[in-house]
Amino acid sequence: MAATKRLICAASDLEESGKGVRFSFVRRGQEVPAFVVRFRGKVYAYLNRCTHVPVELDWQEGEFFDYSKLYLVCATHGALYAPESGHCLGGRCNGRGLIPLTVAEEGDSVYLMSEEE
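UniProt numbering numbers the first residue of the sequence shown as 1 and each following residue consecutively.
This is the structure we're talking about:
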């Protein structure tokens, strides 16, 4: 399988622990929402779906971090997730983490990496 990449955004669009960038892509034949954020100098991407009830996490478009800027938070239920792993840290996520996506930062661009089927 050959790896493919799709441009998500400019790297400069992602501020440290700041506003994330929403995007969508086709997964298993369906368009799904996702997001990418920068935390501790690295970029991380996840499906934009709380593990408690499948609602999008951001309380305003691109706002994924809690007030401390240390955790990703579900605006609907208050579930907290680790930005660097997506692991559930508390709240109604019941130990289930976010679904991670593979991304790469190359130059001033951030790409979604995927495997061709």
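From the three backbone atoms N, C-alpha and C, an ideal C-beta is built for every residue, glycine too. If you're wondering where the values come from, they're calculated on a predicted model, not measured in any experiment.
Taking DSSP's pairing of strands, which residues face residue 114 in a bridge? Beta-bridge pairing links residue 114 to 4.
Leaving aside the five residues before and after residue 100 along the sequence, list all residues of the same chain whose C-beta is less than 8 Å from its C-beta, in chain order. 44, 45, 46, 85 and 86
From residue 39 to residue 70, what does the alpha carbon distance come to, in whole angstroms? If you take the alpha carbons of residue 39 and residue 70, they lie about 8 Å apart.
Can you give the Cα-Cα distance for residue 33 and residue 108, rounded to whole angstroms? 23 Å
Within 10 Å of its beta-carbon, does residue 104 have 16 or more other beta-carbons around it, so buried, or fewer, so exposed? Classification for residue 104: exposed.
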